[in-house]
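**Q**
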Amino acid sequence: MADIVVSGKRKTAVARATIRQGAGRVYFNGYPLEAFPIEQAKQRMFEPLNIIPESLRRKVDIFVSASGGGFMGQADASRIAIGRALVKYSGSSDVKRTLTEYDRTILSGDPRRTEPKKFGGPGPRRRYQKSYR
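Residues in the sequence shown are numbered consecutively from 81, following this note's numbering.
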């Protein structure tokens, strides 16, 4: 079976996951995911793998490359890319249903974006201070 390449986005972070037959290894930006130093981000990235059946998890190797944003944005983008890659690789509606029932954002992401800046202040809502003296 050929490699399957899927992407995921979160805020300004973009992650691309390549999935192929293998032995259950997961790499993030060239390093094993188990060696990722930030525990909370690592758990977010492992979520789709912990939900799917163990038989599917042991059959695939996943290579994720992420860029842009911060470490948590990259972790969420990687989570989306891994979830989508697993669904596409398996071709099973059961895997898709399992991931969606657990958390919809594993496959679809968060639509929120930053509000644009407006005149009269430093940001979208805050206004410049004024003095009457």
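The beta carbon of each residue, even a glycine, is placed where N, CA and C say it ideally should be.
#1: Helix, strand or coil for Pro117 per DSSP?
#2: Can you list, in chain order, the residues of its chain whose CB lies under 7 Å from that of Ile131, leaving out five sequence neighbours each side?
#3: Of the choices Gln154, Ser170, Gln209, whose alpha-carbon is the least far from that of Pro133?
#4: Do Gly104 and Arg138 have their C-beta atoms within less than 8 Å of each other?
#5: For the beta strand (DSSP E) that Thr92 lies in, which residues bound it at each end?
**A** Inspection of the coordinates gives the following:
#1: As a position in the sequence shown, residue 117 is number 37, starting the count at 1. DSSP places Pro117 in coil when its eight states are reduced to three.
#2: On the sequence shown, residue 131 is found 51 positions in, with the first residue counted as 1. For Ile131, the CB contacts under 7 Å within the same chain, skipping 5 residues up- and downstream, are Thr178, Leu179, Tyr182 in chain order.
#3: Indexing the sequence shown from 1 puts residue 133 at position 53. Looking only at Gln154, Ser170, Gln209, the smallest Cα-Cα distance to Pro133 is reached by Ser170.
#4: Locating residue 104 in the sequence shown gives position 24, counting from the first residue. Locating residue 138 in the sequence shown gives position 58, counting from the first residue. In contact: Gly104 and Arg138 (Cβ atoms closer than 8 Å).
#5: As a first step, residue 92 must be located in the sequence shown, where it is residue number 12. Note, Thr92: premise wrong, no beta strand (DSSP E); not H, not E.
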